[in-house]
Amino acid sequence: MQGEREAAPFRPYPPGTQPAYDVPGYGSTHKRHPQEPLVQLPHTVTESIGPHFSSAHFPPIPDLSLVDGKPALGERIIVHGRITDEDGRPVSNTIVEIWQANASGRYQHPGDQHDAPIDPNFRGEGRVYTDDQGWYRFTSIKPGAYPWRNHHNAWRPNHIHFSFFGSGFAARLITQMYFPGDPLLALDPIFLSIPDQGARNRLVCALDMTVTEPEWALGYRFDVVLRGREATPMES
Amino acid sequence: MPSATSSQTIGPFWHLIEHPEWADLTRFGAAGSKVTLSGSITDGDGNPVTDAAVELWQSDPPSDESFPGFGRCRTDQRGEFRFTTIKPGPVPGRGNAQQAPHFAIALHARGLLKALMTRAYFEGDPLNETDQLLSAVEDPRRRGTLLARPEGKDRWRLDIRLQRGPHGETETVFLDI
Ligand SMILES: [Fe+2]
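As you go down the protein sequences, you meet chains A and B in turn.
Quick note on numbering: the numbering used here labels position 98 of the first sequence as 1495, and the sequence is numbered without any gaps.
Quick note on numbering: the numbering used here labels position 82 of the second sequence as 83, and the sequence is numbered without any gaps.
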């Protein structure tokens, strides 16, 4: 059953916190961005609610660092964080999809032609669920940087791709997590496409010694905020 | 409180999370009238977009263990996608209005730093005449980009154009939600 809060529309994104569709420094946007103005759609049930993923149908894949028990090459990491909405409420029992390049910066993907080795023991896909308090956690390998053809000598900073659903389709979010201190960030048109510097920097995870496991793996924390809802009469 | 986390592109290598069966929303045994929705995605030059993730979400019938309500499909080398699902019925709109049956569609691809959102309605449905979104799009050619066309019994097609072409080709209506 949908309660009042679940039926409430989501709030608009604050200006500058989301990238535009047309970003001149990112060549692939040139022929793919809309030129007509977007049509405003006040949220209806279609936007206010969203899919529910059950772990029976969509089983968790919490460890990308092993295939058939054999360890992948590279620097083992544990990534965890908390998913909340813009009001600080935990987003519980929600699916988190993860994918990334291996330690050499190579995706196990037919379209990836980068001349770096494939690691048969690296699983490029993960899937976890948040707990009741919005926490998620998975184990992986620190991904390598890789070249792309956006401009001469272009390299993507180390990153992990994430997909979130939250509690309604209008809160759908696909993003990338970056690593602290990466000098490539200052050169990356995808990272720099977010106008607001504070919002941009929240895509950079933090080293977290509380989840770092001695003799085993470095820990990183990446918190995510999904859209909050407009106040409803019942809440005020 | 911090604002919502920023979006970044799904990139060209999202197929690591692709599961082709997700394009069939009836695979868990959902009851109801099966339909297919196929179509293509083209860019501003009219070239097929061959690396997109097309996502379909419907708020009707309500999702449960036998019906996820959500599917994802890649575009192929011709820019084509195809879903199998259950035909949605009308759902409530704003006020006392009914919305015509529709799918929500989210497009993710290299070159899209955030999702492009649109809808697919069913051409010829009588409720289309009073649907609030369709009524808000005055240009009939643009409104037509939101209407899937019948291709045979229970088969529907929606071609999506990301950008107006050099010869005035009509750009799909994308939604600010
Ligand atoms: Fe990537």
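Cβ coordinates follow ideal geometry from the N, Cα and C atoms, glycine included.
Values in this document were obtained by computation on a predicted structure and should not be read as measured data.
Distance cut-off 8 Å: residue i Cβ against heavy atoms of ligand 1
{"i": "residue 14 of chain B", "result": "yes"}
{"i": "residue 190 of chain B", "result": "Residue 190 of chain B lies beyond the range of chain B shown here (2 to 178); nothing can be said about it."}
{"i": "residue 1556 of chain A", "result": "yes"}
{"i": "residue 1504 of chain A", "result": "yes"}
{"i": "residue 1391 of chain A", "result": "Not covered by the structure: residue 1391 of chain A. The range shown for chain A is 1398 to 1633."}
{"i": "residue 1423 of chain A", "result": "no"}
{"i": "residue 1498 of chain A", "result": "yes"}
{"i": "residue 78 of chain B", "result": "no"}
{"i": "residue 1575 of chain A", "result": "no"}
{"i": "residue 1553 of chain A", "result": "yes"}
{"i": "residue 122 of chain B", "result": "no"}
{"i": "residue 1543 of chain A", "result": "yes"}
Chain-ordered chain B contacts of residue i [CB-CB under 8 Å]
{"i": "residue 1435 of chain A", "result": "175, 176, 177"}
{"i": "residue 1492 of chain A", "result": "What residue 1492 of chain A touches in chain B: nothing, since even the nearest Cβ is about 10 Å away."}
{"i": "residue 1617 of chain A", "result": "Ordered by position in chain B, no residue passes the 8 Å Cβ test against residue 1617 of chain A, which lies about 16 Å from the chain."}
{"i": "residue 1572 of chain A", "result": "6, 7, 8, 9"}
Cross-chain neighbours of residue i in chain B, by beta carbon under 7 Å
{"i": "residue 1535 of chain A", "result": "Chain B residues near residue 1535 of chain A: none, gap ~13 Å exceeds 7 Å."}
{"i": "residue 1569 of chain A", "result": "107, 116"}
{"i": "residue 1597 of chain A", "result": "7"}
{"i": "residue 1420 of chain A", "result": "114"}
{"i": "residue 1506 of chain A", "result": "14, 16, 17"}
{"i": "residue 1521 of chain A", "result": "17"}
{"i": "residue 1590 of chain A", "result": "114"}
{"i": "residue 1438 of chain A", "result": "134, 176, 177, 178"}
Partner residues on chain A for residue i, Cβ-Cβ distance less than 8 Å
{"i": "residue 44 of chain B", "result": "1428, 1429"}
{"i": "residue 64 of chain B", "result": "1448, 1449"}
{"i": "residue 36 of chain B", "result": "Per Cβ cutoff of 8 Å: no residues; residue 36 of chain B is ~17 Å from chain A at best."}
{"i": "residue 172 of chain B", "result": "1431, 1432, 1433"}
{"i": "residue 58 of chain B", "result": "1443, 1447, 1448, 1566"}
{"i": "residue 4 of chain B", "result": "1410, 1411, 1414, 1483, 1596, 1622"}
Start and end residues, alpha helix (DSSP H) containing residue i
{"i": "residue 1432 of chain A", "result": "Looking at the DSSP string, residue 1432 of chain A is not in any alpha helix (DSSP H), and its letter there is neither H nor E."}
{"i": "residue 1444 of chain A", "result": "1442-1445"}
{"i": "residue 1594 of chain A", "result": "1594-1598"}
Residue span of the beta strand (DSSP E) that contains residue i, given as start and end
{"i": "residue 73 of chain B", "result": "71-75"}
{"i": "residue 39 of chain B", "result": "35-43"}
{"i": "residue 136 of chain B", "result": "Where residue 136 of chain B is concerned, there is no enclosing beta strand (DSSP E), although the alpha helix (DSSP H) it sits in stretches over 133-137."}
{"i": "residue 105 of chain B", "result": "103-109"}
{"i": "residue 143 of chain B", "result": "Segment 141-145 is the alpha helix (DSSP H) holding residue 143 of chain B; no beta strand (DSSP E) there."}
{"i": "residue 80 of chain B", "result": "Careful: residue 80 of chain B lies outside any beta strand (DSSP E) and carries neither H nor E."}
{"i": "residue 1573 of chain A", "result": "1570-1575"}
{"i": "residue 1482 of chain A", "result": "1473-1482"}
{"i": "residue 47 of chain B", "result": "No beta strand (DSSP E) holds residue 47 of chain B; DSSP gives it neither H nor E."}
{"i": "residue 23 of chain B", "result": "Note, residue 23 of chain B: premise wrong, no beta strand (DSSP E); not H, not E."}
{"i": "residue 1522 of chain A", "result": "1522-1526"}
{"i": "residue 1532 of chain A", "result": "1532-1538"}
{"i": "residue 1621 of chain A", "result": "1621-1623"}
{"i": "residue 1 of chain B", "result": "With chain B covering only 2 through 178, there is no way to say anything about residue 1 of chain B."}
{"i": "residue 56 of chain B", "result": "54-58"}
{"i": "residue 1639 of chain A", "result": "With chain A covering only 1398 through 1633, there is no way to say anything about residue 1639 of chain A."}
{"i": "residue 148 of chain B", "result": "148-151"}
Residues that residue i contacts on chain B, provided the C-beta gap is smaller than 9 Å
{"i": "residue 1509 of chain A", "result": "13, 14"}
{"i": "residue 1626 of chain A", "result": "None at all; the shortest Cβ gap to chain B is about 11 Å."}
{"i": "residue 1587 of chain A", "result": "9, 10, 12, 114"}
{"i": "residue 1600 of chain A", "result": "6, 7, 9"}
{"i": "residue 1425 of chain A", "result": "10, 13, 110, 111, 112, 113"}
Neighbour list for residue i in chain A, Cβ cutoff strictly below 7 Å
{"i": "residue 110 of chain B", "result": "1429"}
### Query
Closer than 7 Å, Cβ to any Cβ of chain A: which residues of the segment 129-147 of chain B, in chain order?
134, 137, 138
### Message
Measuring CB atoms only, is the segment 1583-1592 of chain A touching the segment 1446-1458 of chain A, in the sense that at least three cross pairs come out at less than 8 Å?
### Response
no
### Query
Are the segment 1570-1580 of chain A and the segment 1519-1531 of chain A touching, with three or more C-beta to C-beta distances below 8 Å?
no
### Query
Counting pairs of beta carbons, one from the segment 106-121 of chain B and one from the segment 79-96 of chain B, are three or more of them closer than 8 Å?
no
### Query
Are there three or more Cβ pairs, one per stretch, closer than 8 Å when the segment 1530-1543 of chain A is compared with the segment 1418-1434 of chain A?
no
### Task
Residues of the segment 1462-1491 of chain A with a CB closer than 7 Å to any CB of chain B: list them in chain order, please.
1483, 1484, 1485
### Task
Closer than 8 Å, Cβ to Cβ, to anything on chain A: give me those residues from the segment 68-99 of chain B, in chain order.
69, 70, 71, 92, 93, 94, 95
### Task
Quick one: which residues of the segment 17-28 of chain B get their C-beta closer than 7 Å to a C-beta of chain A? List them in chain order.
17, 18
### Query
Between the segment 1462-1482 of chain A and the segment 1529-1540 of chain A, do three or more beta carbon pairs fall short of 8 Å?
yes
### Message
Please list, in chain order, the residues of the segment 147-171 of chain B that have any C-beta partner in chain A closer than 8 Å.
### Response
163, 164, 165
### Query
Hey, is the segment 42-56 of chain B in contact with the segment 68-82 of chain B, meaning 3+ C-beta pairs nearer than 8 Å?
yes
### Message
Counting only Cβ-Cβ distances shorter than 8 Å, please list the residues of the segment 1525-1551 of chain A near chain B, keeping chain order.
### Response
none
### Query
Between the segment 18-34 of chain B and the segment 1433-1449 of chain A, do at least 3 Cβ pairs fall closer than 8 Å?
no
### Message
Taking 8 Å as the cut-off, does the segment 171-178 of chain B touch the segment 136-148 of chain B (at least 3 CB pairs, one atom from each stretch)?
### Response
yes
### Query
Per the contact definition of three or more C-beta pairs closer than 8 Å, is the segment 1405-1418 of chain A in contact with the segment 94-102 of chain B?
no
### Query
At a cut of 8 Å, does the segment 155-171 of chain B reach the segment 34-49 of chain B through at least three beta carbon pairs?
yes
### Query
Is there contact between the segment 1456-1465 of chain A and the segment 1501-1509 of chain A, where contact requires at least three CB pairs shorter than 8 Å?
no
### Message
For the segment 1562-1577 of chain A against the segment 1595-1605 of chain A, do three or more pairs of beta-carbon atoms, one drawn from each stretch, fall closer than 8 Å, so that the two count as touching?
### Response
yes
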